[in-house]
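Notes follow once the structure below has been shown.
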Amino acid sequence: MTPGEVFLLFGGGLLAGTVNAIAGGGSLITFPLLVGLGLPGVAANVSNALSVAPGYAASAVGSRPDLVGQGRRILRIIPTVIAGTLCGSALLLFTPRSVFDVVVPFLLLGTALMMAFQNRLRALAGHPKDNSPRKAALLTPLAVFLCGLYGGYFNAAMGVLLIAALALVLDEPLRRISALKNVFSAVVGATTVLLYSAFGPVNWAVVAVLAPATIVGGFVGARIARRLPSEVLRWTIVVFAATVAVVLFLT
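The sequence shown begins at 210 in the numbering used here and counts up one residue at a time.
Set out below in structure tokens:
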């Protein structure tokens, strides 16, 4: 890599780590950046997933005040997150790369629409506060499994999907859901690191530049997220995901 490419990657990593912690979707910065630098789609996705994983962990650490009282919930759901991630990673590694290139824009656009129409979806599904404990116990693992499946297949905007899905089934403020998203994203990240390191087409030079940058950005972004109003946070997510989906459709 040239010095200019290293500088560009490090700056993109800082911004991506910050955005991941605030709203999810930081990979929507780094994934197109890697493709623009010449990496094939799957190699860019795999290298990006490994690069942002440390930033997810930093975001989770920075979100600790909003994780108080959620310990049991996290421990119950982590195995489901891992199972979904394993299934998604298997799909990525063992299906044709042409399928990945076609599917990705639709995944991003669907995520943006889900977040934009969150209130209407809640009306159809029932507000989380109206869910019985049994219904919530069934819906939460299902939502998290599907998010893990998505994250294992395509890492970009996974946090967006996690927030949208968790907000439909949990009666919690968005900042606490965002903190929960950071923990589950860290679990997905750790799982994909193990798999992709062994079986994926990783560009380790890219990872060496991006990973430290996402750690710094993730910790800073978690602090910023705790101070943002819920609606600002939600529409930041929507605009970001929709914009990149349109760009990928056009290209």
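Ideal Cβ positions, reconstructed from N, Cα and C, are used throughout, including at glycine.
Is DSSP giving residue i helix, strand or coil here?
| i | result |
| --- | --- |
| residue 367 | helix |
| residue 458 | helix |
| residue 227 | helix |
| residue 412 | coil |
| residue 214 | helix |
| residue 280 | helix |
| residue 256 | helix |
| residue 406 | helix |
| residue 305 | coil |
In angstroms, rounded to a whole number, what distance separates the CA positions of residue i and residue j?
| i | j | result |
| --- | --- | --- |
| residue 359 | residue 294 | 7 Å |
| residue 284 | residue 392 | 11 Å |
| residue 375 | residue 363 | 19 Å |
| residue 225 | residue 426 | 7 Å |
| residue 281 | residue 287 | 10 Å |
| residue 384 | residue 218 | 29 Å |
| residue 398 | residue 406 | 12 Å |
| residue 381 | residue 402 | 30 Å |
| residue 421 | residue 264 | 8 Å |
| residue 447 | residue 400 | 27 Å |
| residue 230 | residue 237 | 13 Å |
| residue 212 | residue 395 | 30 Å |
| residue 260 | residue 278 | 30 Å |
| residue 371 | residue 432 | 19 Å |
| residue 441 | residue 220 | 24 Å |
| residue 290 | residue 254 | 19 Å |
| residue 270 | residue 449 | 24 Å |
| residue 461 | residue 416 | Not covered by the structure: residue 461. The range shown for the chain is 210 to 460. |
| residue 451 | residue 408 | 31 Å |
| residue 276 | residue 248 | 37 Å |
| residue 292 | residue 428 | 27 Å |
| residue 246 | residue 273 | 36 Å |
Less than 7 Å between C-beta atoms, sequence neighbours within five positions excluded: which residues of the same chain meet that for residue i?
| i | result |
| --- | --- |
| residue 252 | 410, 412 |
| residue 250 | 244, 306, 309, 310 |
| residue 430 | 226, 227, 228, 229, 230, 231, 268 |
| residue 414 | 210 |
| residue 296 | 358, 361 |
Suppose the cutoff is 6 Å on Cβ atoms and the five residues either side in sequence are ignored; what does the same chain contact list for residue i look like?
| i | result |
| --- | --- |
| residue 348 | 378 |
| residue 301 | 362 |
| residue 222 | 419, 422, 423 |
Residues in the same chain with beta-carbon distance under 8 Å from residue i, minus the five sequence neighbours each way, listed in chain order, please.
| i | result |
| --- | --- |
| residue 457 | 241, 313, 314, 317 |
Taking its Cβ as the centre, do 16 or more other Cβ atoms sit within 10 Å of residue i, making it buried, or is it exposed?
| i | result |
| --- | --- |
| residue 351 | exposed |
| residue 258 | buried |
| residue 216 | exposed |
| residue 307 | exposed |
| residue 419 | buried |
| residue 459 | exposed |
| residue 304 | exposed |
| residue 388 | buried |
Would the beta-carbon of residue i be found less than 7 Å away from any heavy atom of the ligand COA?
| i | result |
| --- | --- |
| residue 292 | In the structure on display, the ligand COA does not appear, and there are no ligands present to speak of. |
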